[in-house]
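One structure below.
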Amino acid sequence: MNTYMYLFHVQIIIGLLLFWLPLWLVDKILLILAWLILGNVEKYGLRRPSIGPLQLKNSAGKTPVLDIGALQKIRSGEIKVVPGVKRFFPGRVELVNGDDIEIDSVILATGYCINLPSWLTIKTIEQAYWIDFFSQDGIPKNPFPNGWKGKAGLYAVGFTWKGLSGAYWDAIHVAHDISKSWKEETKSIGFFFLLFLYQGRFVFLVLRTPVPLQFWETRFKF
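Here it is, written out as structure tokens:
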């Protein structure tokens, strides 16, 4: 939990820096901080991409990450980082650097893609069309920070590839919009109170009614 909260705060700081500084400069700052905190990770086989993390995020929509505790296990030798795989053989693999190592199993990490356009549809008698909100690649057509609201009560949080900070601001906008809509819908809704005796017990009911509360106030002098 502490690691996730730390990452969340880093994302907020990055978002604030991008308001004042160019992306390349923020990338430089992040790389310096990463070197100060993590040290030289290339000696463990972790090669840094040729471009900065934010530039990589904007161009490819993804960025390499380390799971919680992974770096500690790499440093201790429990996890060994090797170069890319050139080809597979029964029980072993050949690496791109020519090394041949034995293996027990292979985990194929294929990642994932957003398939919203394939199922988020509105069906009519004439045709089936998907809501004009997401693009073909599953990203809202309106860029951040305006990609959180669609039509017919559709909201999207975290689909704009802005990390935890983007999801945070999307959630804030959605919560405010739902609150605003709820207040507008209930503005003209009144409540009718009933108190009666049933089987020797007093029963108190609160009923919602589409008639404004002012109507009941004028009739019954609440």
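Heads up: take any position in the sequence shown, counting from 1, add 10, and you land on the working numbering.
Where is the CB? At the ideal position from N, CA and C, for every residue including glycine.
Since this is a predicted model, take the numbers as computed values, not measurements.
Opposing strand residues paired with residue 164 [DSSP bridges]: Looking at the DSSP assignment, residue 164 forms no beta bridge with any residue, so it has no partner.
C-beta atoms of residue 175 and residue 25 nearer than 8 angstroms: With respect to the 8 angstroms criterion, residue 175 and residue 25 are classified as neighbours on the basis of their beta carbons.
Counterpart residues of residue 110 in DSSP-defined beta bridges: 104
Per DSSP, cross-strand counterpart(s) of residue 95: 105
Exposure label - residue 30; buried when at least 16 CB within 10 Å: exposed
Residue environment, residue 179, which counts as buried when at least 16 other CB atoms sit within 10 Å: buried
Enclosing alpha helix (DSSP H) for residue 58 [first to last residue]: First-last for residue 58: undefined, no H or E at that position.
Member of 129, 164, 116 and 93 whose CA lies at the smallest distance from the CA of residue 52: Relative to residue 52, the option among 129, 164, 116 and 93 whose CA is nearest is 93.
contact_flag[the segment 116 to 130, the segment 147 to 159] where n(CB pairs < 8 angstroms) is 3 or more: yes
Three-state class that DSSP yields for residue 226 in the structure shown: With a pLDDT of 49 at residue 226, under the threshold of 50, the predicted position of this residue should be treated as unreliable, though the coordinate-derived value follows. In the structure shown, residue 226 sits in a helix (DSSP, three-state: H, G or I).
C-alpha gap between residue 189 and residue 182, whole angstroms: 11 angstroms
Bridge partners - residue 159, DSSP secondary structure assignment: 165
Endpoints, the alpha helix (DSSP H) within which residue 171 is located: Looking at the DSSP string, residue 171 is not in any alpha helix (DSSP H), and its letter there is neither H nor E.
Residues of its chain near residue 84, where Cβ-Cβ distance is below 7 angstroms and the 5 sequence neighbours each way are ignored: 54 and 91
Check whether residue 103 and residue 113 have beta carbons under 8 angstroms apart: yes
Residue 59 versus residue 76 - alpha carbon distance: 14 angstroms
Rounded Cβ spacing between residue 64 and residue 36 (contact assumed at less than 8 angstroms): 6 angstroms
8 angstroms Cβ cutoff met for residue 163 and residue 177: no
Residue 144 and residue 170 closer than 8 angstroms at C-beta: no
Length of the line joining the Cα atoms of residue 96 and residue 185: 49 angstroms
Status (buried if at least 16 other CB within 10 Å, exposed otherwise) for residue 79: exposed
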